[in-house]
Amino acid sequence: MIRHFVCINNKPHATRFTMPDMAEELVKPLSSVDLSKDQDPDVLKSEGNALFSSGDYTGAIKLYSRGLKNCPENSTEAATFYKNRAAAYLKLEKYQKVIEDTSLALEITPSDVKALFRRCQAYEKLEQFNEAFKDARAVNHLDPSNSAIKPILTKLSVKVQEMAKEKASTVSKVKTMFDYLLGDDTTAENRLQAANNIVVLAKEKAGAELIMSESGITKLLAAMKLEKNEEISLAAIRAFGELCKNNIPRTKLILKEIGLPFFIENLNSNSETYVNAVEYFIQVILNVLSGMDIREGKKRDRKLVKDLENESIIDAIMGILVKNVSSRVMSAMGRDALLEVIMKNVEYEALNWEIKLVQMDGLWGLLEVASELQEIHYESSMRITGRTLDHVAVALERIYYGMDCDKNREEYRNKVMDFINDKLRGPDIENKVRATTTITALLKGPLDVGNFCLGQKGIVEMMLAMASSDDELQQRVSAEAIIAAASKKDKCTSIISMGTDILKKLYQSKNDNIKVRALVGLCKVGSSGGFDASIKMFSEGSSLKLAHACRKFLINPKKDKDLRKWAVEGLSYLTLDADVKEELIEDKKAIEALIELTKTGDLSVVYGCVTTLVNLTNSYDTEEIIPELVELAKFAKQHVPETHVKDAKEFVDKRVKSLVECGVTIALVALAKTESKNSKELISRVFNAICEHQELRGAVVQQGGAKVLVNLALEGTDKGKLTAAQALSRIAITINPEVAFPGQRCAEVVRPIMALLHPDCKGLQNFEALMALTNLAQVSPSVRQRILKDAGITKVEEYMYEDHEMLRRAATQCIANLMVSDDVVRLYAMPNNDRVKFLVLISDDEDFETCKAASGALAMLTGVSRKACKKIFDTKSWLEILCKLSASSDKDICHRGVAIVHNLIHANRTCAEKVIETNLLEILMALTRPEVDDVPQKMMINFAVNHLLL
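Under UniProt numbering, residues 1 to 950 are what the sequence shown spells out, in order.
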């Protein structure tokens, strides 16, 4: 087994050379039948059977399906097609389809042993052991001489008996738990224990069925009303969630019994644990009804959703969520939970609620929330947390960017302006404050809409007038709006040009709340040159002075968290300047204060903290500087960005190591709970910058970073997911995957890492992904199976054709580790493909490690597959290559060459004769001489020689 502990810094170029015959063969379907022509059922059956024998099960299914259309219904011929198609589905592990086809076959021919046997196998795989046992017993009765069914029947008999005992025990447990839960004489402690035990029982298939048959939903609801105990209610909600999982009929029944108002009533709580449980319950229901599962990479099942449209269940849930998001009586935590559910499901890739929300006035409710201020409470105010406005900004952004055409986007913008104009028509100052706060939220979310609002007549003038007033509230709100507006200088030049002077004036305020906001505004304006060292918005040294002021707010323990949050946001802009980065990293108190602030997990500080860390680690995107283009730009008198000397690699590496020593990994883990996809991308960037250093990867794993990276690689922006996947690859290269990703997580990392095997990814990402997959391939059969899923083998093989030596080597080593899989062996042994031929050719590669990996894979393959042994002779230069391998001065390659020859000799008489006709025998005999004392496989060579001589 191959383990990698290397890293490269160069970028392999992804240009491929073409090998038409073999490259096309790798992707060409085995079926060469023209399926567009109607053919005789007998011909279709014969050709389908041929494809089945060759391993092309998908092609066989197409032909069997066509045969069904061309033969009479309910005929014995149709039964045969159903039975044969079921056999192909069985090979593809589509067990439900096996049951459907075999059941149809048995309706026509009830005593068909093969159909019964195949259905028995499918039932067993789906853990429907009672049904499997019935079919196995029927097969044994119809064909007593069938030796294949007897061990299965024995195994199923034991399993059924165990299930019967377990069911009897479970029945008793369920009844006992409900007796305790609703009993008059039960103590509060025993009642709670019974409720928690019901949750455990609901996770089991038998337990869930028995709870439903015992009117469990009604009883759990009664327990919630009887006790008014939050812990018992929490257990009941968790039980409901477990009962709903993966079961649509049960979910519908539960929804009917509890009613939609149940969600709102139970979300209206101040307990975070309780609210989280209700939110999870709602998401489980939506996942079940839509067939969606983000963690498993499953998007909504459109057919399933369409089938449920008539019942309007999903739309009814959406309606009650958006209706109550702006409810004045909803708790702050409950409101956040409603916003999170909307955020998770609003996008096209989820439940596609965007247009519906705009059309049914859900957008208006979200804007009402966006107009709230946490610190200021009017009589009509809602209860919100520090995270609420960030949540609503993200929700507004996702809705806008989900609009599928300009007409819908225009409708969105018009509805936003209707809302703002409605506020501005009010005579009170509260209305102006709310309108300005809404625009600030839009500038943090759908920026285009925020800028559209700023462009309307009188809006900018109103905000500037508020900033110039003596009222603290108006100053604060307008300062925040100016800060948000400064992100797009070209679209709001008036507010920046006029606002800068106002910010300077506000910075002189004795009120810290006003002063810190003005400070952030100045920081944002001063950093508009980005990392271009040649652009300075303010005079020399001003950025350092502003950064010093931010650090004073940050490290002062007397300042409240809100002020420190604003100080960090100021640093997030100023740290584009390399001088500020170096001064900040040397200020240990400031760095420790920054990390302590992030460790709190307060999602309202996410953006400022993570952006500062991205700047310190230089993990933002930078364009590659091509010297020729720089010279051309200078000649054309165009501005050329300059990189600061303190942004060189040695400075960046030092900053990264300093951050890790201060515990930045723990801070990133805390912040990763955010629902903002952009923030998740920034967190992924920082993790990846840390994982670039081999010696720091252990700290990432030790402090929980690997688990977080798996989540980041599955959810977020496309760029963020790939960045997190690259960090996972780097961890898997140098740390034992079983240690870094214990349990099921080893299989979970495969899909995101496989995403890096894409032509659009950089060569370094391709290379690191291949090395990571090589190490993962030796973990377990289940991980190897996960790699093979979704054409994984083909993706890896493509890189064996690369010009770049490192990519070719890594791909070949990955294939060598995958060769222990029976499925890979079958794939290589199939007729009509050149996989074995190419493996022989690449065994003669100039790169030593590639040669060793390819010959090792070939040795393993020929050791278990006679078909693969035969295919070696399809390569014209097979003899030359085997001679070079067997006569190699390197012991490892020599061993592999001899092993291949040994396997060919023992494959069959034909292969042995082809070998003995060559001079390979002379090489083997030379290796057995006494003076050749460094060949460890002499016994095998002697055995092979003796076999040849015989």
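Quick reminder that beta carbons are idealized off the backbone N, C-alpha and C, glycines included.
Query, Result
"Three CB pairs or more closer than 8 Å across the segment 147-155 and the segment 176-183", "no"
"Inter-residue Cα distance where the pair is A441 and Y801", "51 Å"
"In chain order, each alpha helix (DSSP H) run of at least 4 residues that lies wholly inside the segment 665-717", "677-691, 697-702 and 705-714"
"First and last residue of the uninterrupted alpha helix (DSSP H) at D471", "First-last for D471: undefined, no H or E at that position."
"T812 classed as buried or exposed, judged by whether at least 16 other C-beta atoms fall within 10 angstroms", "buried"
"Pair within 8 Å by beta-carbon distance, I254 and I217", "yes"
"Cα-Cα separation between A485 and N268, rounded to whole angstroms", "35 Å"
"Under 8 Å between C-beta atoms of V606 and T674", "yes"
"Simplified DSSP state of V379, which is helix, strand or coil", "Before going further, note that residue 379 is Glu rather than Val in the sequence given. Three-state DSSP puts E379 in coil, outside helix and strand."
"Option nearest F52 by Cα separation, candidates S46, K45 and A60", "A60"
"Inter-stretch contact (C-beta, 8 Å, three-pair minimum) for the segment 391-402 and the segment 459-466", "no"
"Nearest to T734 (by Cα), restricted to the options C746, M771 and E715", "M771"
"Per-residue burial, V282 [other beta carbons within 10 Å of its own, 16 or more giving buried]", "Reading off the sequence shown, one finds Ile at residue 282, where the question assumed Val. Its Cβ being crowded by 16 or more others within 10 Å, I282 is buried."
"S619 versus K657 - alpha carbon distance", "14 Å"
"Whole-angstrom distance between I690 and L682, CA atom to CA atom", "13 Å"
"Whole-number beta carbon distance between V525 and T500, since they are thought to touch under 8 Å", "6 Å"
"E77, DSSP secondary structure in three states", "helix"
"Y348 in three-state terms, based on DSSP", "coil"
"DSSP state of W353 mapped onto helix, strand, coil", "coil"
"Reduced DSSP secondary structure (H/G/I, E/B, other) of H644", "coil"
"Own chain, CB closer than 8 Å to A593, minus 5 neighbours either side, in chain order", "L554, I555 and R564"
"Meets three-Cβ-pair contact criterion under 8 Å: the segment 123-135 and the segment 91-101", "yes"
"DSSP state of K762 mapped onto helix, strand, coil", "coil"
"Alpha helix (DSSP H) segment containing K97, residue limits", "Y95 to I108"
"C-alpha distance - K536 paired with L544, whole-angstrom precision", "Reliability of the predicted coordinates at K536 is poor, the pLDDT of 47 falling under 50, and the value obtained from them is presented with this limitation in mind. Near 12 Å, if we compare the C-alpha coordinates of L544 and K536."
"Given T611 as reference, the closest of D587, E583, K599 and L574 once Cα atoms are compared", "L574"
"Sub-8 Å separation of E692 and R730 beta-carbons", "yes"
"Cutoff 8 Å; reference T579; Cβ partners in own chain excluding five residues on either side", "Checking the displayed sequence, the identity of residue 579 turns out to be Asp instead of Thr. The answer, listed in chain order, is S543, L544, H644 and K646."
"Counted within 10 angstroms of its Cβ, other Cβ atoms place C405 as buried (16 or more) or exposed", "exposed"
"Chain-order list of residues whose beta-carbon lies under 7 Å from that of Q726 (same chain, five-residue window excluded)", "N688, L756, Q765 and E768"
"Uninterrupted alpha helix (DSSP H) stretches inside the segment 536-580 (no shorter than 4 residues)", "542-555 and 561-574"
"Coil, strand or helix - Y620 by DSSP", "coil"
"N130 to I753 span [Cα, whole Å]", "40 Å"
"R413 - DSSP class collapsed to helix/strand/coil", "helix"
"K344 beta carbon less than 8 Å from that of A350", "yes"
"As assigned by DSSP and simplified to three states, the class of C746", "helix"
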